[in-house]
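A.B. asks:
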Amino acid sequence: MREALRGRRQVRSVLLASADEGEDDLGLEPVLAEWSRQAGKKIPPVHRLGPRELTARLRTPEHQGLAAEVELYPYVDEGALLAQSTLLVALDEVQDPHNLGAVIRTAEAAGAGVLIPRHRAAEVTAAVVKASAGATEHALVAQVRNLSDLLTAAKERGFWVYGAAAGAEEDYAEQDYSYPTCFVLGSEGEGLGRRLASLCDVMVSLPLLGRVGSLNVSVSAGVLLYEALRQRHRQGGERP
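Here the sequence shown is numbered in this note's numbering, starting from 31 and rising by one per residue.
(1) Which residues in the same chain as E257 place their Cβ atom closer than 7 Å to its Cβ, once the five residues preceding and following it in sequence are excluded?
(2) Mark V159 as exposed unless 16 or more other C-beta atoms lie within 10 angstroms of its C-beta, in which case mark it buried.
(3) Could you tell me if D107 is buried or exposed, where buried requires 16 or more neighbouring beta carbons within 10 angstroms of its beta carbon?
(4) Would you identify the three-state DSSP class for H77, choosing helix, strand or coil?
(5) Does at least one heavy atom of the ligand GDP sit under 7 Å from the Cβ of Y209?
(6) Considering only C-alpha positions, which residue in the set H168, A198 and N176 is nearest to P237?
(7) If R36 and A69 are in contact, beta carbons under 8 Å, what's the gap, nearest whole angstrom?
(8) Excluding sequence positions up to five away, which residues of its chain have a Cβ less than 6 Å from the Cβ of H77?
(9) By a C-beta neighbour count over all protein chains shown, 10 Å radius and 16 as the cutoff for buried, is R135 buried or exposed?
(10) Could you tell me which residues DSSP pairs with P91 in its beta bridges?
(11) Roughly how many angstroms separate the alpha carbons of A151 and G164, rounded to a whole number?
(12) Can the beta-carbon of V232 be found closer than 8 Å to that of E186?
(13) Would P147 be called buried (16 or more neighbouring beta carbons within 10 Å of its own) or exposed?
(14) In the DSSP assignment, what residue or residues form a beta bridge with P147?
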């Protein structure tokens, strides 16, 4: 809730599960007032609903008794993202909202932008917001019509594009990420598509010393992004 109030979206109202209309709600409203003041926003109205009514309203029981009604998610313009960031992660048909949320959280922490396709992929929904622990409200996420065209445009702007795939011959830690960098990761089941892989400058892999054949896409994204940060900080470079 705090991240929603601090983020770019307007919080239209807060929905609270309350068994008794007159109960204190653990001092929620003063907290909302303080968070709103810190964010420079108006205090959203609080609507108290019965627990079952709130579950029916949200169409899920996974709400912990509190929810916010907000504006549609404000995706950023892909051209603006390419212009203002030097570190990106592009996801090829990642469909699990928990994976998308985890990648967005890591990318936001690393100062990186996120690129997702409009079709056959997860978009930013309530489940993704929850999985990201609210990082979606601050992250720069662009939803693009065609990832292939986007990668081509990124390369024209000077980005080096690195695809991640199990079995790739190049070691991820042996690359130079001090230049504008875009990491491309594939879907949970199919991996990186052939068309996108062909557009990558280098295909890299992370070492797998156990018996599993691959890593979760959000884990791979975290390793790659923070390797790029490590190199840039070591060289005295600026944040992405």
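Heads up, the beta-carbon is just placed ideally off N, CA and C, and yes, glycines get one too. Here the structure is a predicted model, which means the values were calculated and not measured.
C.D. replies: The relevant details are as follows:
(1) For the purposes of this step, residue 257 is identified with residue 227 of the sequence shown, where counting begins at 1. Here the set comprises Y202, A203 and Y207.
(2) Your numbering for residue 159 matches position 129 in the sequence shown. Flag for V159 reads buried.
(3) Locating residue 107 in the sequence shown gives position 77, counting from the first residue. Label assigned to D107: exposed.
(4) In the sequence shown, the residue the question calls residue 77 occupies position 47. The answer is strand: DSSP assigns H77 an E or B state.
(5) No copy of the ligand GDP appears in this structure; indeed no ligand is present at all.
(6) For the purposes of this step, residue 237 is taken as residue 207 along the sequence shown, with counting starting at 1. The option with the nearest alpha carbon to P237 is A198.
(7) Locating residue 36 in the sequence shown gives position 6, counting from the first residue. Locating residue 69 in the sequence shown gives position 39, counting from the first residue. Going by Cβ atoms, the distance from R36 to A69 rounds to 5 Å, so yes, they are a contact pair.
(8) Taking the first residue of the sequence shown as position 1, residue 77 is located at position 47. Around H77: S43 and L45.
(9) The count along the sequence shown starts at 1 and reaches residue 135 at position 105. So R135 ends up on the buried side.
(10) Position 61 of the sequence shown, counted from the first residue, corresponds to residue 91. For P91, which the question treats as bridged, DSSP gives no partner whatsoever.
(11) Along the sequence shown, one-based indexing puts residue 151 at 121. Along the sequence shown, one-based indexing puts residue 164 at 134. Distance between the alpha carbons of A151 and G164: 20 Å.
(12) The count along the sequence shown starts at 1 and reaches residue 232 at position 202. The count along the sequence shown starts at 1 and reaches residue 186 at position 156. E186 sits away from V232, with the two beta carbons spaced by 8 Å or more.
(13) Position 117 of the sequence shown, counting from 1, holds the residue named residue 147. P147 should be labelled buried.
(14) Against the sequence shown, residue 147 aligns to sequence position 117. V174, per the DSSP bridge assignment.
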